[in-house]
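Participant: Sharing a structure with you now.
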Amino acid sequence: MGAWIAKNRTTVIVSVAVIVAAYAFYYLKNDIAPSMYVSAWGYAIPLVLAALVGVIGERSGVVNIGIEGQMLVAAFAGFFAAAYSGSLLVGVLAGIGSGLILGGFLAWTTVKWRMDQIIAGVVLNIIATGITSFYYQPGQLLPGLMPKFDIWPLSKIPLIGEVFFSGTSIFATLAILAAIGVHVALFHTRWGLRTRAVGEYPSAADTAGINVERLRLINVTLAGTLAGCAGVYLSMDASSSFERGMVAGRGFLALAIMIMGAWRPLRALAMAIFFGFINAVASQLQAGGSIDIPPQLTGTLPFVVTIVVLAIAAGRVRAPGAVGQPYVKGDQ
3 MGAWIAKNRT TVIVSVAVIV AAYAFYYLKN DIAPSMYVSA WGYAIPLVLA
53 ALVGVIGERS GVVNIGIEGQ MLVAAFAGFF AAAYSGSLLV GVLAGIGSGL
103 ILGGFLAWTT VKWRMDQIIA GVVLNIIATG ITSFYYQPGQ LLPGLMPKFD
153 IWPLSKIPLI GEVFFSGTSI FATLAILAAI GVHVALFHTR WGLRTRAVGE
203 YPSAADTAGI NVERLRLINV TLAGTLAGCA GVYLSMDASS SFERGMVAGR
253 GFLALAIMIM GAWRPLRALA MAIFFGFINA VASQLQAGGS IDIPPQLTGT
303 LPFVVTIVVL AIAAGRVRAP GAVGQPYVKG DQ
């Protein structure tokens, strides 16, 4: 443990400082801090899930620009399947299933057909926007609300319990468990070692007996389920309606979060919460009358901060060595 702390001294110091500052703000501004933190986590949930899609894909060597489209189709499929069937469960399964199908589409076109990965993702986004706009029908309602629950005894912890474990939903809990699970799987299992190998040195992995194409196909396809969960959360949990273009750039923001998190799941989780807090601050300033600017402009604040942080982080992080490069056996 001591060796790990010494190796990650900067991360530990920053983490402790952030936690102390968060608790100080929580107790000093108890009238607004709890609602701001809850709002920040609510905004961060789909970003965490979407960023994990990017982490799994790029750690496998496949760039997934199509996360935005996957989330949009999942939000559409989940909402309207629930509205027409009268079952929230059917909607959730439809949304997750659509994310899985689109993940398979992206995997097949980029891995098997060796289509340019950026173009494949852009095509997916265009198709998603067209389909969801063409078949959109206003006036539909969900058959009910997604269930909320407390996770005892974690919900009793001051601040952390109130934000993350009190009145939470299955997708909020899934976001935390997925971040932890993907981190453990990537860095402490055979699957993770093989995934990182095909993302860094696919020819060496192939020589070692790993089927590079099959592993990439499986990883990118299954990662689509997380994009499906993110989309379903937006239309069935965070809200009770579907609107055209409701993902509103979160898929692209998730890719930026993935990069700023250095392609590591837990760091991506932390960055997603950071951007959620930035959004909560903008909302609080708007609601409190501290600033008098249109809400459409305050909504761009997370993206402005993204540009600034990416500019600062440029050159400080390194992508997986073979990301974006289709693997052809015998050519490398």
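The numbering of the sequence shown is my numbering, which starts it at 3 and goes up by one. Ideal Cβ placement from N, Cα and C applies to all residues, glycine included.
(1) CA-CA distance, ILE280 and THR209?
(2) Quick one: Cα of GLY323 to Cα of PHE151, how far?
(3) Whole angstroms is fine: what's the gap from GLY230's alpha carbon to PRO145's?
(4) Would you call PRO296 buried or exposed, if buried means 16 or more other Cβ atoms sit within 10 Å of its Cβ?
(5) Give the DSSP-derived three-state secondary structure of THR302 in the structure shown.
(6) Only counting runs of 4 or more residues, tell me where the alpha helix (DSSP H) segments fall wholly within the segment 44 to 110, in order along the chain.
(7) Return the chain-ordered ranges of every alpha helix (DSSP H) run that is complete within the segment 198 to 239 and spans a minimum of 4 residues.
(8) Express the C-alpha separation of PHE81 and GLY93 in angstroms, rounding to a whole number.
(9) Where GLY63 and LYS31 are concerned, what is the direct C-alpha to C-alpha distance, given to the nearest angstrom?
(10) Is it buried or exposed, THR197, if we count other Cβ atoms within 10 angstroms and call 16 or more buried?
(11) Of all the options ILE58, TYR29, GLY44 and PRO328, which has the alpha carbon lying nearest to the alpha carbon of ILE261?
(12) Hey, ALA53 and ILE178: beta-carbon distance below 7 angstroms or not?
(13) Taking only three categories from DSSP, how would you classify THR175?
(14) Hey, would you say LEU108 sits closer than 7 angstroms to THR227, going by beta carbons?
(15) Helix, strand or coil for THR131? Go by DSSP, reduced to three states.
(16) Using 8 angstroms for Cβ pairs, my map puts LEU49 next to ALA256. What's the rounded Cβ distance?
(17) Short check: CB of GLU70 to CB of VAL249, under 7 angstroms?
(18) Report buried or exposed for GLN142, applying the criterion of at least 16 other Cβ atoms within 10 angstroms of its Cβ.
(19) Are the Cβ atoms of GLY105 and ALA282 separated by less than 7 angstroms?
(20) Going by beta-carbon coordinates alone, are PRO328 and ARG61 separated by less than 7 angstroms?
(21) Pull up the DSSP beta-bridge partners for THR170, would you.
(22) Reducing DSSP to helix, strand and coil, say where TRP115 ends up.
(23) Judging by CA-CA distance, which residue of ALA42, LYS114, VAL325 and SER17 is the nearest neighbour of PRO204?
(24) Count the other CB atoms, across all protein chains shown, that sit within 10 Å of the CB of ALA199; report buried if there are 16 or more and exposed otherwise.
(25) Taking all protein chains shown into account, decide if TRP193 is buried (16 or more other Cβ within 10 angstroms of its Cβ) or exposed.
(26) Considering only the alpha carbon of each residue, which of ARG246, ILE153, ILE162 and MET38 lies closest to PHE277?
(27) To the nearest angstrom, how far is it from the Cα of ASP318 to the Cα of ALA270?
(28) Would you mind sorting PRO267 into buried or exposed? The rule is 16 or more other CB atoms within 10 Å of its CB.
(29) With 16 other CB atoms within 10 Å as the buried threshold, where does GLN339 fall?
(30) Can you find the residues in the same chain that come closer than 6 angstroms, C-beta to C-beta, to ILE15, ignoring five residues on each side of it along the sequence?
(31) Work out the CA separation of ARG320 and LYS331 for me, nearest whole Å.
(32) State the Cα-Cα distance for the pair HIS190 and TYR86, rounded to the nearest angstrom.
(33) Using only CA atoms, which one of TYR29, ILE172 and GLY263 lies nearest to ILE314?
Facilitator: The structure says:
(1) Position 278 of the sequence shown holds residue 280. Position 207 of the sequence shown holds residue 209. Answer to the nearest angstrom: the Cα atoms are 46 angstroms apart.
(2) As a working note, residue 323 is residue 321 in the sequence shown. As a working note, residue 151 is residue 149 in the sequence shown. Straight-line Cα distance between these residues: approximately 42 angstroms.
(3) Here residue 230 refers to the residue found at position 228 of the sequence shown. Here residue 145 refers to the residue found at position 143 of the sequence shown. Roughly 20 angstroms between the two C-alpha positions.
(4) Reading the sequence shown from its first residue, position 294 is the one you call residue 296. Per the 10 Å Cβ criterion, exposed.
(5) For the purposes of this step, residue 302 is taken as the residue at position 300 of the sequence shown. In the structure shown, THR302 sits in coil (DSSP, three-state: anything other than H, G, I, E or B).
(6) 69 to 87 and 90 to 109
(7) 204 to 209 and 214 to 234
(8) For the purposes of this step, residue 93 is identified with residue 91 of the sequence shown, where counting begins at 1. For the purposes of this step, residue 81 is identified with residue 79 of the sequence shown, where counting begins at 1. Approximately 6 angstroms between the Cα atoms of the pair.
(9) Stepping through the sequence shown from its first residue, residue 63 is reached at position 61. Stepping through the sequence shown from its first residue, residue 31 is reached at position 29. Their Cα atoms are separated by approximately 45 angstroms.
(10) Position 195 of the sequence shown, counting from 1, holds the residue named residue 197. That one is buried.
(11) Taking the sequence shown and counting its residues from 1, the one referred to as residue 261 is at position 259. Nearest option by C-alpha distance: ILE58.
(12) Start at 1 with the first residue of the sequence shown, and residue 53 comes out as number 51. Start at 1 with the first residue of the sequence shown, and residue 178 comes out as number 176. Result no, Cβ atoms of ALA53 and ILE178 do not sit closer than 7 angstroms.
(13) Taking the sequence shown and counting its residues from 1, one reaches residue 175 at position 173. Reduced to three states, the DSSP call for THR175 is helix.
(14) As a working note, residue 108 is residue 106 in the sequence shown. As a working note, residue 227 is residue 225 in the sequence shown. No, the pair does not count as a contact, with Cβ atoms beyond the cut-off.
(15) For this step, residue 131 is matched to residue 129 along the sequence shown. If DSSP states are grouped into helix, strand and coil, THR131 belongs with the helices.
(16) Along the sequence shown, read from residue 1 onward, the residue named residue 49 stands at position 47. Along the sequence shown, read from residue 1 onward, the residue named residue 256 stands at position 254. That belief holds up - the Cβ atoms of LEU49 and ALA256 are roughly 5 angstroms apart, short of 8 angstroms.
(17) Taking the sequence shown and counting its residues from 1, the one referred to as residue 70 is at position 68. Taking the sequence shown and counting its residues from 1, the one referred to as residue 249 is at position 247. For GLU70 and VAL249, yes; Cβs fall inside 7 angstroms.
(18) Mapped onto the sequence shown, residue 142 falls at position 140. Classification for GLN142: exposed.
(19) The residue labelled residue 105 in the question sits at position 103 within the sequence shown. The residue labelled residue 282 in the question sits at position 280 within the sequence shown. No, the Cβ-Cβ distance between GLY105 and ALA282 is not below 7 angstroms.
(20) Here the question's residue 328 lines up with position 326 in the sequence shown. Here the question's residue 61 lines up with position 59 in the sequence shown. Result no, Cβ atoms of PRO328 and ARG61 do not sit closer than 7 angstroms.
(21) Start at 1 with the first residue of the sequence shown, and residue 170 comes out as number 168. In the DSSP output, where bridge partners are listed per residue, THR170 has PHE151.
(22) As a working mapping, residue 115 is identified with position 113 in the sequence shown. TRP115: coil per DSSP, three-state reduction.
(23) Working through the sequence shown from its first residue, we reach residue 204 at position 202. PRO204 has its Cα closest to that of VAL325, out of ALA42, LYS114, VAL325 and SER17.
(24) In the sequence shown, the residue the question calls residue 199 occupies position 197. Buried, by the Cβ-count rule.
(25) By 1-based counting over the sequence shown, the position of residue 193 is 191. Flag for TRP193 reads exposed.
(26) Counting from one through the sequence shown, the residue named residue 277 turns up at place 275. Answer by Cα proximity: MET38.
(27) Here residue 318 is taken as the residue at index 316 of the sequence shown, counted from 1. Here residue 270 is taken as the residue at index 268 of the sequence shown, counted from 1. According to the sequence shown, residue 318 is Arg rather than Asp. Distance between the alpha carbons of ARG318 and ALA270 is about 15 angstroms.
(28) For the purposes of this step, residue 267 is taken as residue 265 along the sequence shown, with counting starting at 1. The residue is buried, with at least 16 neighbouring Cβ atoms inside 10 Å.
(29) Residue 339 is absent from the model: the chain starts at 3 and stops at 334.
(30) Within the sequence shown, numbered from 1, the residue matching residue 15 stands at position 13. Excluding residues within five positions, none has a Cβ falling inside 6 angstroms.
(31) Start at 1 with the first residue of the sequence shown, and residue 331 comes out as number 329. Start at 1 with the first residue of the sequence shown, and residue 320 comes out as number 318. In a straight line, the C-alpha of LYS331 is about 25 angstroms away from that of ARG320.
(32) Locating residue 190 in the sequence shown gives position 188, where the first residue counts as 1. Locating residue 86 in the sequence shown gives position 84, where the first residue counts as 1. One C-alpha to the other measures close to 43 angstroms.
(33) Indexing the sequence shown from 1 puts residue 314 at position 312. Looking at the Cα atoms, GLY263 is the closest of the given residues.
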